[in-house]
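*Asks:* Chains as they are written, first to last, in the numbering used here: chain V, 21 to 578; chain E, 4 to 379; chain L, 4 to 379; chain R, 100 to 450. Where a beta carbon is used, it is the ideal one built from N, C-alpha and C, also for glycine.
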Ligand SMILES: Nc1ncnc2c1ncn2[C@@H]1O[C@H](COP(=O)(O)OP(=O)(O)OP(=O)(O)O)[C@@H](O)[C@H]1O
Ligand SMILES: Nc1ncnc2c1ncn2[C@@H]1O[C@H](COP(=O)(O)OP(=O)(O)OP(=O)(O)O)[C@@H](O)[C@H]1O
Ligand SMILES: [Mg+2]
Ligand SMILES: [Mg+2]
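1) For the segment 189–200 of chain E against the segment 119–130 of chain E, do three or more pairs of beta-carbon atoms, one drawn from each stretch, fall closer than 8 Å, so that the two count as touching?
2) Since residue 119 of chain E is in the alpha helix (DSSP H), which residue starts that stretch and which ends it?
3) Would the beta-carbon of residue 39 of chain E be found less than 7 Å away from any heavy atom of ligand 4?
4) Under the three-state reduction of DSSP, which class applies to residue 232 of chain V: helix, strand or coil?
5) Are the segment 175–186 of chain V and the segment 234–254 of chain V in contact at 8 Å, needing three or more beta carbon pairs?
6) Is any heavy atom in ligand 4 found nearer than 7 Å to the beta carbon of residue 143 of chain E?
7) Use the C-beta contact count for residue 158 of chain E: other C-beta atoms within 10 angstroms, 16 or more gives buried, fewer gives exposed.
8) Can you list, in chain order, the stretches of the alpha helix (DSSP H) that have 4 or more residues and sit fully within the segment 76–120 of chain E?
9) Can you tell me which of the three DSSP states residue 63 of chain E falls into?
10) In three-state DSSP terms, what is residue 364 of chain R?
11) Using the C-alpha atoms, what's the distance from residue 221 of chain L back to residue 260 of chain L?
12) Using only alpha-carbon positions, find the residue among R:290, R:375, R:204 that is nearest to residue 451 of chain R.
13) Does the beta-carbon of residue 44 of chain L have 16 or more other beta-carbons within 10 angstroms, so that it is buried, or is it exposed?
14) Tell me whether residue 66 of chain L is buried or exposed, calling it buried when 16 or more other Cβ atoms sit within 10 Å of its Cβ.
15) For residue 424 of chain R, report the span of its beta strand (DSSP E) as first-last.
16) So, is the C-beta of residue 85 of chain V closer than 8 Å to a C-beta in chain L?
17) Among the candidates E:91, E:274, E:279, whose CA atom is the shortest distance from the CA of residue 369 of chain E?
18) So, with DSSP's three-state summary, where would you put residue 377 of chain V?
19) Any C-beta of chain V sitting closer than 8 Å to the C-beta of residue 105 of chain R?
20) Looking at chain E, is there any beta carbon in it that lies within less than 8 Å of the beta carbon of residue 486 of chain V?
21) Report the three-state DSSP secondary structure of residue 296 of chain E (helix, strand or coil).
22) For chain V, find out if any of its Cβ atoms is closer than 8 Å to the Cβ of residue 356 of chain L; answer yes or no.
23) Exposed or buried, residue 392 of chain V, counting other C-beta atoms within 10 Å across all chains shown (16 or more means buried)?
24) Alpha carbon to alpha carbon, how far is residue 352 of chain L from residue 327 of chain L? Give it in angstroms, no decimals.
25) Could you check the C-alpha separation between residue 380 of chain E and residue 258 of chain E for me, to the nearest Å?
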């Protein structure tokens with residue numbers, strides 16, 4: 021009943037822009053509003069046979085696979101220790117898992133370039149100060165993989181955290197009494213039960229890394245490593261822009277992601293992952309014993325690599341009067357440091373306005389996105405609506421389309437729509453909701469799969485209309501997942517760069533654009549670093565919002 | 004309200020869990036659903052409650068047709084006013100005990116104070132008033148089950164479905180709640196359907212018993228009817244009649260020849276010409292120690308009486324359940340009072356006897372009805 | 004292996020669920036834990052299995068101390084080789100039935116082919132071999148329970164803990180599995196601990212029964228002992244002795260005066276001078292219709308015999324359970340065979356009689372032992 | 100706001116404030132930019148500018164314009180290709196907001212002209228633009244040229260500083276050389292054309308042999324140079340100049356052989372014709388003041404009659420100098436495909 025209207029809504033948000041792109045992929049010219057021609061062709065797909073594309077694709081796959089696995093390991097580890105064990109400083113470790121979200125991957129990459137470049141990287145400079153040769157080269161495949169993993173691990177963390185915090189310990193206890201050691205229990209019960217979350221976040225992360233341009237640009241290109249995102253970027257940046265070919269690449273990616281989504285659906289459909297049942301969910305934490313301290317140390321290592329070191333790098337480049345530093349000793353010279361860049365950064369009208377826009381847009385987009393994702397997740401995994409398969413696929417499509425390409429699709433869509441949203445903040449909000457549909461959907465869907473439907477059905481039998489039952493039983497049970505999803509979408513919206521680039525105007529400029537512009541300027545590294553730090557601070561403060569919601573009283577949860 | 008189920012069919016994917024099920028529960032009646040594990044009891048309840056969408060058939064509650072596959076009609080679950088105690092309890096782990104029980108009253112718009120009072124009353128009935136403010140996931144298994152029960156009782160539904168609501172409770176509590184349930188049911192004229200594996204419970208609660216086998220109802224009758232005249236040998240076996248033997252008509256119409264034993268039993272019932280089974284309730288098998296001075300078995304020709312040896316005897320409180328193998332090789336199970344002198348132990352020599360009236364003659368299974376033209 | 008629990012105490016937050024519990028299960032013995040809902044049975048099992056950390060006491064299995072609060076020693080659950088069937092089943096929903104059962108064998112490093120064979124064997128025992136490849140969440144309640152049981156049986160543990168493993172099964176299956184369990188237990192000399200609310204089950208499976216009340220063991224003995232000589236009136240009541248009356252010593256040492264009834268009962272037991280309870284098993288109450296030609300009650304002075312009226316009578320298959328109020332106002336419950344002629348119905352006039360040997364005299368509760376110096 | 104003040108101050112540091120006379124229309128540095136009627140109308144109006152050039156450079160230009168004229172500008176900055184997509188789409192949907200658009204690619208300008216984004220417009224100073232140089236249309240013109248020259252990190256290379264293009268192939272800088280990918284934009288194409296024409300394709304290969312690090316964007320290259328990650332590079336002059344002004348230890352080199360430049364087209368839209376402020380901005384950008392300000396930012400001014408204007412310590416050649424190798428629209432069309440192939444082959448670069 022609710023399936024079809026919802027499919028229509030999501031389809032409208034997602035399919036119309038995607039439709040433009042498919043059209044572009046098969047057109048000779050870019051089909052813009054006002055000049056939509058039907059000069060169809062398949063020539064655009066020839067680009068896939070372009071020399072070097074295969075090598076680039078190979079590199080991208082290698083990087084994406086390694087980084088996805090690493091991100092899953094990091095995120096899974098943090099999620100497990102915070103949701104299920106008695107690790108020391110639990111709430112701080114939770115923050116550790118979350119915080120890299122505040123650092124957009126391109127800022128993280130730049131920070132790591134500052135830290136780890138083979139020539140002038142701070143780490144190498146430090147080593148040289150100590151009389152050793154600088155051993156670190158971030159401009160390498162391992163370097164790119166590390167940075168990608170560091171900044172995508174929070175996705176895995178957030179999604180798995182909600183899955184793991186809802187697990188019924190009886191299921192694990194059963195493994196314990198049947199001879200499974202802690203590790204084997206985790207491997208054969210805990211992790212498999214979190215499979216929807218693992219596969220879901222793995223799929224997300226893989227595709228996002230595969231398409232990530234910023235990190236490739238900053239870290240891979242200087243090292244002479246070609247990647248597919250750079251290739252798509254080149255296509256889009258060619259003059260005149262080769263949008264049709266980029267769209268063709270996007271169509272191939274969409275096909276791949278649809279296939280992967282279907283495969284994932286098949287894997288998950290065979291089994292059930294219900295962990296919260298009406299026979300009770302007794303909150304119980306695992307004792308780490310001797311591992312308590314090592315686990316904390318591991319989390320701290322991640323914290324240092326993803327947050328502390330990069331922020332210190334940025335801080336140093338924000339307060340250093342000269343971007344060049346021959347040795348750490350030179351910092352003690354008079355006039356080497358000052359903080360004017362911060363003052364410049366935060367006092368400007370433009371900054372204040374952009375910050376305001378960003379916060380407003382992000383909050384609304386995260387809210388809208390969470391609601392939509394919940395509805396879609398619910399319809400797909402709890403109802404027998406005919407449309408549910410289609411709904412899931414459609415929800416995942418934005419993931420497949422590189423943001424640059426999707427941005428154009430959204431631009432076309434909202435230019436031709438006879439509703440006056442273009443040029444306002446609304447168009448950004450709508451765009452963000454569409455772009456982030458996959459992230460929201462996966463986050464919630466995996467949680468829905470883990471609650472026993474009897475719980476909700478019993479409320480219905482006790483006289484509650486379905487919606488009431490959802491709000492009384494299902495939503496509160498999914499509290500952790502819903503608030504994590506909200507947080508995820510909030511952060512993503514704060515960071516979203518490519519889509520607003522096509523949709524913003526001076527009045528609706530967002531912080532991410534302001535910062536990107538500063539970094540893009542070249543030479544404004546000081547101000548850019550300062551602004552980036554302030555930006556991280558804002559995200560940090562914002563992130564308290566959903567955590568307040570999530571941390572409310574309750575018998576179980578984070 | 005009267006519940007009427009016609010031609011019900013439910014499939015989980017390819018697996019057909021309920022096939023062509025007909026069942027009527029009269030207004031105010033309590034029907035107990037008996038059947039072996041996996042035969043489709045919970046599924047039937049879920050259909051009546053509106054939680055599953057059957058593939059065929061109609062369901063009506065009172066005068067309303069709440070489901071009709073042919074006309075695509077399906078009243079949503081929350082408007083059926085059907086209460087259900089789930090086999091999986093479905094207690095909400097994130098709420099307190101009281102919040103769980105108050106919920107249906109809140110849905111009915113009962114004012115706060117009143118709601119609390121009534122909920123506490125019900126909780127008191129199930130013996131949990133002192134845990135009202137405890138989180139519902141911090142309870143023992145039996146306590147959770149009682150919360151689930153209380154929640155449905157608080158709702159005052161027009162039809163109450165109970166899926167093994169007392170399975171985790173101790174005998175005494177169970178008996179108390181059983182009496183309480185029966186009282187409420189009779190007092191409020193509540194139509195109810197009950198799944199239990201406990202025969203005592205079935206007998207105590209049922210106006211009628213519906214025996215379910217393989218997704219359909221094979222016998223429906225009062226407890227005494229079902230107990231005294233099971234419709235088939237498989238039903239008899241299910242009801243605890245352990246002595247079931249394949250038989251054919253012997254030299255007389257009332258002499259059953261046990262297939263594979265070379266033994267015959269006198270019976271007071273007619274034996275059909277096609278194959279049948281004879282069933283003897285363990286309570287109807289009399290066991291006497293051979294060296295006892297008890298009254299000898301009646302020696303008239305119609306009495307079945309065999310010498311045998313005790314294989315195993317289990318003390319059951321007020322009675323003893325023992326397995327005896329007759330010298331002719333027939334294994335018989337018997338439940339009898341402890342002998343006044345001597346002990347019924349492994350190896351003891353005994354005489355077993357069964358009155359012909361207690362030798363039941365039944366078909367193997369209840370024949371599948373020709374599929375009625377429901378789909379037509 | 005022998006299990007020895009000394010001075011166990013477990014607290015959930017502020018709530019003390021187990022207090023100073025002592026229990027020894029001999030090697031190869033099967034102890035059934037009886038006790039009312041919420042008394043701490045599951046908690047005790049979880050402590051033995053190593054799933055909860057007690058606040059006090061020691062637990063040893065065989066020669067190994069697996070838990071000692073004072074020395075901070077705690078062997079992790081997976082190294083105790085203790086099998087457990089959970090009250091909540093805890094069947095892994097993401098695995099197939101077979102995978103569930105294979106798990107413990109995999110943990111023991113059994114080779115693949117062997118593992119499969121053995122698992123299928125166990126599944127066959129519980130009657131689920133045909134569902135081996137079904138996802139474990141697509142089962143009925145009873146089927147899940149059997150998967151949980153099979154999983155623990157496959158493990159061949161040194162100690163097996165079973166928390167109401169058969170509560171959702173029908174009588175017949177239950178009996179089969181009960182026999183099977185007992186066979187395995189005896190054959191393998193398995194030490195086991197069993198929670199059940201079914202008295203029949205308790206009697207059939209137990210070498211000894213441990214009665215648990217309020218977090219401690221109040222009586223431990225063979226089924227016959229417990230049944231014949233409950234240690235207190237509350238235990239008797241729990242065991243289904245519904246006729247419990249407060250009493251004091253009357254005119255003779257063997258005459259109990261029922262407090263508040265002005266009635267006296269002859270008993271074959273001595274009555275202590277302090278307050279006590281008299282308990283009469285319903286099976287020991289004889290009910291005779293007044294107008295029946297049955298043998299009149301023995302008229303010797305020591306027989307307790309009263310005239311009364313039937314309040315309610317429930318048909319229970321082989322017997323009838325009825326409530327009789329004597330003309331003196333005493334309510335008595337009785338379980339008796341159906342009378343040969345006439346019907347025991349509401350309002351029927353009867354004579355009830357109880358032999359003095361069946362009038363038990365018991366203390367109200369088992370006195371709490373002076374706390375032994377465990378913590379010292 | 101404060102930022103505007105800061106920017107205006109920075110602008111004033113680059114080039115001293117001009118003489119402004121508003122007694123009869125707007126006259127800056129002696130040139131009449133708007134008559135009284137237009138000027139009065141423009142003061143009540145806001146110019147909407149879409150720009151594809153660097154944020155910093157455009158913001159300074161806008162601040163300077165606002166300080167000169169008191170007319171407000173709303174700037175939307177986007178990378179050229181995205182800007183093109185935006186403008187063409189908005190135009191198609193009839194919702195184009197911009198009055199003036201500045202981009203970095205002549206071929207895009209041509210597309211704009213064809214699509215009717217740019218409309219014919221002549222500033223009062225159009226006659227002063229050198230005839231037949233870079234761009235050929237009545238709908239857009241070259242505002243200035245983005246220059247590619249050389250630069251080095253003066254903290255890393257302290258002795259024997261580089262002076263000419265051949266230093267890029269000097270083995271002493273092996274692994275310390277940076278170049279920007281040709282796919283990045285018009286000015287890099289101009290550089291490639293210049294290098295191939297002047298030194299032959301072998302020169303590109305020589306750079307590659309020197310293990311040149313290829314950057315995907317101008318800014319990351321300049322950052323890398325500033326941090327000493329690379330020591331020497333061919334780079335975007337005005338980016339590096341701004342970085343130097345911000346304190347980076349970068350020194351620029353304007354080699355004897357000359358520098359490469361690509362035009363940045365500017366044009367007015369339908370909307371711009373109706374917007375007095377937009378017209379004044381267009382006029383101003385071709386005025387002596389506008390052109391000198393561009394030159395002071397490190398661009399080559401389109402006009403050649405504005406006198407020598409230094410960018411800080413550097414003096415770029417004027418547009419009519421033989422040392423200014425300016426890519427024309429024609430050349431671009433003819434050579435860019437082939438050049439790109441050669442370049443990519445030389446640097447083994449994907450694209
Ligand atoms: N997580 C918990 N937090 C607080 N109290 C608890 C928790 N789990 C159980 N209890 C309480 O501890 C007591 C003992 O629980 P336990 O589960 O051992 O009972 P049980 O004897 O197994 O009962 P049942 O027969 O109903 O399963 C109960 O009163 C219960 O309410
Ligand atoms: N989700 C499902 N998918 C497939 N088959 C199912 C599913 N749920 C139940 N079944 C099957 O349907 C049949 C009937 O299930 P149902 O739960 O109604 O049994 P039941 O009579 O309640 O049994 P029990 O007494 O064991 O609870 C069983 O054989 C079961 O295996
Ligand atoms: Mg069931
Ligand atoms: Mg329990």
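*Replies:* Based on what the coordinates show:
1) no
2) If you number the second chain from 1, residue 119 of chain E lands on position 116. Element bounds for residue 119 of chain E: 115–128.
3) Looking up residue 39 of chain E in the second chain gives position 36. Result no, Cβ not under 7 Å from ligand 4.
4) For the purposes of this step, residue 232 of chain V is taken as the residue at position 212 of the first chain. Three-state result, residue 232 of chain V: coil.
5) no
6) Mapped onto the second chain, residue 143 of chain E falls at position 140. Flag set: Cβ of residue 143 of chain E near ligand 4.
7) Residue mapping note: residue 158 of chain E aligns to position 155 of the second chain, counting from 1. Result: buried.
8) 100–110
9) Looking up residue 63 of chain E in the second chain gives position 60. Strand.
10) Here residue 364 of chain R is taken as the residue at index 265 of the fourth chain, counted from 1. DSSP places residue 364 of chain R in strand when its eight states are reduced to three.
11) The count along the third chain starts at 1 and reaches residue 260 of chain L at position 257. The count along the third chain starts at 1 and reaches residue 221 of chain L at position 218. So the alpha carbons of these two residues sit roughly 27 Å apart.
12) An answer regarding residue 451 of chain R cannot be provided, because it is not within the stretch 100 to 450 covered by chain R.
13) In the third chain, residue 44 of chain L corresponds to position 41, counting from 1. So residue 44 of chain L counts as buried.
14) Sequence index remark: in the third chain, residue 66 of chain L carries index 63 (1-based). It is exposed - the Cβ of residue 66 of chain L has fewer than 16 other Cβ atoms within 10 Å.
15) For this step, residue 424 of chain R is matched to residue 325 along the fourth chain. Residue 424 of chain R -> beta strand (DSSP E) spans 423–425.
16) As a first step, residue 85 of chain V is located in the first chain; it is residue number 65 there, counting from the start. Output row for residue 85 of chain V: interface = no.
17) Along the second chain, read from residue 1 onward, the residue named residue 369 of chain E stands at position 366. The shortest Cα separation from residue 369 of chain E among E:91, E:274, E:279 belongs to E:279.
18) Sequence index remark: in the first chain, residue 377 of chain V carries index 357 (1-based). Reduced to three states, the DSSP call for residue 377 of chain V is helix.
19) Position 6 of the fourth chain, counted from the start, is the residue given in the question as residue 105 of chain R. Yes, because at least one Cβ of chain V sits closer than 8 Å to the Cβ of residue 105 of chain R.
20) Indexing the first chain from 1 puts residue 486 of chain V at position 466. At least one chain E Cβ lies under 8 Å of residue 486 of chain V.
21) Sequence index remark: in the second chain, residue 296 of chain E carries index 293 (1-based). Low confidence applies to residue 296 of chain E: its pLDDT is 49, below 50, so where it sits in the model is not reliable, and the reading given next is rough at best. Coil.
22) Residue mapping note: residue 356 of chain L aligns to position 353 of the third chain, counting from 1. So, not an interface residue.
23) Locating residue 392 of chain V in the first chain gives position 372, where the first residue counts as 1. With 16 or more Cβ atoms within 10 Å of its Cβ, residue 392 of chain V is classed as buried.
24) Translated into positions along the third chain, residue 327 of chain L becomes position 324. Translated into positions along the third chain, residue 352 of chain L becomes position 349. When rounded, the distance between both Cα atoms is 9 Å.
25) Nothing in the structure corresponds to residue 380 of chain E, since chain E is present only between 4 and 379.
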